[in-house]
Each structure stands twice: as structure tokens, then as C-alpha cells.
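Colleague: Encoded as C-alpha cells, here's the structure I'll be asking about.
As C-alpha cells, then:
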């Protein structure tokens, strides 16, 4: 796997982990009991952006490394038909 392929794998896996993380761990204003006048009751109270970026980055690094390791160690060569 070259540099370009590694970047593509990293970016795709980062987004696939980041998008579900957006809703993880957020509480609405209605759930916390402190609704600010003029806002929607379902609006998030506080979003921890730090963890929303750290977890997908660590996960994308792990996924990219595992895919690189799989290709580098030729673990999928049994799937290629030999002529």
C-alpha cells in the first residue's frame, strides 16, 4: 500500500468512525433539565469536541495500520487464484 492509498484508507475510516461519534455521549437540554429560552429543547447541552476528534483519529490509525499489516504480511494471498 502506497502513501496515497494509506491516506485514502485513513480518511475513509476516520469519517466512518467520526459520524457515529457525533451523537455519542451528548445530552439534550431537555434531558439535563436546563432549557435555555429561545432554543430547541432537543439541542445539545454540551459537546465534548476533544473526544469526538481523538477517538476517530486513534481508530483510523489502528484501522490503517491493520490494513497495512494485512497487505504487508500477505495474509490475503490465498484468495488470489494461481494459474
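In the working numbering, the protein residues as written are 592 to 674.
For every residue, glycine included, the Cβ atom is placed at its ideal position computed from N, Cα and C.
From a predicted model like this one, the values you see are computed outputs, not experimental measurements.
1) Nearer than 8 Å: is that true of the beta carbon of residue 608 relative to any heavy atom of the ligand NAD?
2) Using a Cβ-Cβ cut-off of 8 Å (strictly less than) and excluding sequence neighbours within five positions of residue 663, which residues of its own chain qualify?
3) Label residue 661 either buried or exposed according to how many other C-beta atoms from any shown protein chain fall within 10 Å of its C-beta, with 16 as the threshold for buried.
4) Locate the alpha helix (DSSP H) running through residue 648, then write down its first and last residues.
5) Would you mind giving the Cβ-Cβ distance between residue 605 and residue 651, rounded to the nearest angstrom? I have them listed as a contact below 8 Å.
Modeller: A quick look at the data gives this:
1) Because no ligand of any kind appears in the structure shown, any question about the ligand NAD cannot be addressed here.
2) 592
3) exposed
4) 640–663
5) 4 Å
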